[in-house]
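Below: the structure, in structure tokens.
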Amino acid sequence: MTVKKIATVAVRAGINNDKHHGAVVAPIHLSSTYSLKGFNEKREFDYSRTGNPTRATLAQAIADLEQGSVGVVTSTGMAAAHLVCQLLSVDDVIVIPHDCYGGSYRLYTHLAKRGLFKVIVVDQNDEQALADALAQKPKVVLIETPSNPLLRLVDIEKVAKLSHDVGALVAVDNTFMSPVLQRPLTLGADIVFHSTTKYINGHSDVVGGVLVTKDQALGEELAWWANCIGITGAAFDSYLTVRGLKTLPLRMKQHQQNADAVAEFLVNHPAVEKVYYPGLSDHPSHALAKKQQANFGSMMSFEVKGGEAAVKALFANLDLFTLAQSLGGVESLISHPSTMTHAGMELEAQIAAGIKQSLVRVSVGIEDIDDIIADLGQGLAASQHN
Ligand SMILES: *Cc1c(COP(=O)(O)O)cnc(C)c1O
0 MTVKKIATVA VRAGINNDKH HGAVVAPIHL SSTYSLKGFN EKREFDYSRT
50 GNPTRATLAQ AIADLEQGSV GVVTSTGMAA AHLVCQLLSV DDVIVIPHDC
100 YGGSYRLYTH LAKRGLFKVI VVDQNDEQAL ADALAQKPKV VLIETPSNPL
150 LRLVDIEKVA KLSHDVGALV AVDNTFMSPV LQRPLTLGAD IVFHSTTKYI
200 NGHSDVVGGV LVTKDQALGE ELAWWANCIG ITGAAFDSYL TVRGLKTLPL
250 RMKQHQQNAD AVAEFLVNHP AVEKVYYPGL SDHPSHALAK KQQANFGSMM
300 SFEVKGGEAA VKALFANLDL FTLAQSLGGV ESLISHPSTM THAGMELEAQ
350 IAAGIKQSLV RVSVGIEDID DIIADLGQGL AASQHN
């Protein structure tokens, strides 16, 4: 069979796989346990923590979208990030990006504090710092690109090659892009994982995760650990996520069309100091984004003139955008990294990381673009008269 295009793979997830009744949509299997055919005669599934048909449908679909071999569906995105740690022994080193997702930073640094493994935090665009970290012969190098909230990029192909040269495995958190916009396994990564809570499910009604490996044996090892520690995803969540996944390519098109228009609007708005979006030609990684991504995505951030007071006034004068963390749903969300997603960082650390109090992050949804722009316009106008 020829390799199908991405929209086809997404839409066809689980279609026609019901052997008993011919259900067109993959049924949801809530049963926690499965009978044996007879004494010592196992079927494909025996117990739902270990394996579940609905979860398997989701795992296979995302593995296909990422062009990998084994997919492991986990209960949350953090569970997928945690699963990577099962590859590490006490003396092993994991290299993580300085600007990775706050929950991932907390997870890896706190487990390292307990002595489970060693962690090196590095800016992967700082060639010397990266070389110094790789000289420690890490077992795993974690990449997250684009980063949150400043949309910095890392060259996956380049870092993967340098990491492989020292024998490290490369894991990429691909949550911000989804497999529609970036496929790290095709750029040299060994593992890719997602918070499916975001674009993959896309409807802000499931918290979940997935991890996909290029190598079959590595995937089986991680699936073994997911069952062993009990972090596999629930059947109902998997069902909803398969349903969301079917429109992922279609949603991403509309997210992109709207994001392009929002970026252009923000760049030209007098109340906006600076826009952070890889789609802009003056973004430091614009060329890299064009090379390693299929498009620029619908996450962006910007600085409002007038500091925190202006941000407050902006938020108070929005009708459509919802003030909330998270991202990747059909609805437009707006957030203030300094007091929300990055509140765990000291103010000085925030400033050092380039996160100003005037910084606002948006997840551009798929509402009508005229309404999105009108809402931002009304909020930005009010931000200058506070
Ligand atoms: C949300 C998120 C996670 C964590 O996923 P949960 O589903 O919330 O556990 C990890 N990485 C990135 C980039 C995220 O945005």
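Using numbering that gives the first Met the number 0, you'd call the opening residue of the sequence shown number 0 and step up by one each time.
C-beta atoms are modelled at their ideal positions from N, C-alpha and C, and glycine is treated no differently.
- Here DSSP, grouped into helix, strand and coil, assigns Ser382 to helix.
- In the DSSP assignment, Glu143 is bridged to Asp172.
- Looking from the CA of Ser297, the closest CA among Tyr198, Asp370, His268, Gln356 belongs to Tyr198.
- The Cβ neighbour count for Met299, taken over all protein chains shown within 10 Å, is at least 16; the residue is labelled buried.
- Scanning the segment 267-294 from its first residue to its last, the whole beta strand (DSSP E) runs of 3-plus residues come out as 271-275.
- Its chain contains Gln324 as the residues whose beta carbon lies nearer than 8 Å to that of Met339, once the 5 sequence neighbours on both sides are disregarded; these appear in chain order.
- Leu210 places its beta carbon 8 Å or farther from that of Ala373.
- Distance from Thr53 to Val206 at the Cβ level is roughly 16 Å; contact not present, criterion being Cβ atoms closer than 8 Å.
- For Gly208, there is no enclosing alpha helix (DSSP H); the residue is part of the beta strand (DSSP E) that begins and ends at 208-212.
- Setting aside the 5 residues that flank it on each side, Arg48 is surrounded in the same chain by Asn226, Gly229, Thr231, each with a C-beta closer than 7 Å to its C-beta; the list follows chain order.
- Judged by DSSP in its simplified three-state form, Met77 adopts helix.
- Glu366 places its beta carbon 8 Å or farther from that of Ser203.
- For Asp172, the shortest C-beta to heavy atom distance toward ligand 1 is below 7 Å.
- In terms of Cβ geometry, Ser334 and Arg151 do not form a close pair [threshold 8 Å].
- Exclusion of Asn200 from the 7 Å shell around ligand 1 follows from its C-beta lying no nearer than that to any non-hydrogen atom of the ligand.
- Here His20 is exposed. Its C-beta has fewer than 16 other C-beta atoms within 10 Å.
- Shortest gap from the CB of Thr56 to any heavy atom of ligand 1: 7 Å or more.
- Collapsing the DSSP output to three states places Met299 in a strand.
- Secondary structure within the segment 24-93: the beta strand (DSSP E) runs of 3 or more consecutive residues, fully enclosed, are 69-73 (chain order).
- As the crow flies, the alpha-carbon of Ala132 is around 31 Å from that of Val274.
- The C-alpha of Asp154 lies about 18 Å from the C-alpha of Val179.
- Counting along the chain, Ser162 sits inside no beta strand (DSSP E); it lies in the alpha helix (DSSP H) bounded by residues 155-164.
- Just measuring C-alpha positions, the residue of Ser362, Leu346, Cys99, Leu317 sitting nearest Gly327 is Ser362.
- Around the beta carbon of Asp90, a 10 Å sphere encloses fewer than 16 other beta carbons of the protein chains shown; the residue is thus reported as exposed.
- For the pair of segments examined, the segment 262-272 was found not to touch the segment 104-114: the number of CB pairs separated by less than 8 Å stays below three.
- The criterion of a C-beta distance shorter than 8 Å is satisfied by Pro248 and Ala9.
- An exposed status is given to Asn39, since fewer than 16 other beta-carbon atoms sit within 10 Å of its beta-carbon.
- Assignment of beta-bridge partners to Phe192 by DSSP yields Asp172, Leu210.
- Taking a 10 Å sphere around the C-beta of Gln127, we find fewer than 16 other C-beta atoms and assign the residue as exposed.
- In the three-state reduction of the DSSP assignment, Pro96 falls in the strand class.
- With a beta-carbon spacing of about 7 Å, Val140 and Val158 fall inside the 8 Å limit used to define contacts.
- Taking the Cα of Lys304 as reference, the smallest distance to any Cα among Lys41, Leu265, Leu217, Thr144 is reached at Leu265.
- Of the heavy atoms belonging to ligand 1, none sits nearer than 7 Å to the Cβ of Val8.
- Contact between Ala262 and Asn385 is absent: CB atoms are separated by about 25 Å, not below the 8 Å threshold.
- The C-alpha of Ile95 is placed about 18 Å away from the C-alpha of Gly343.
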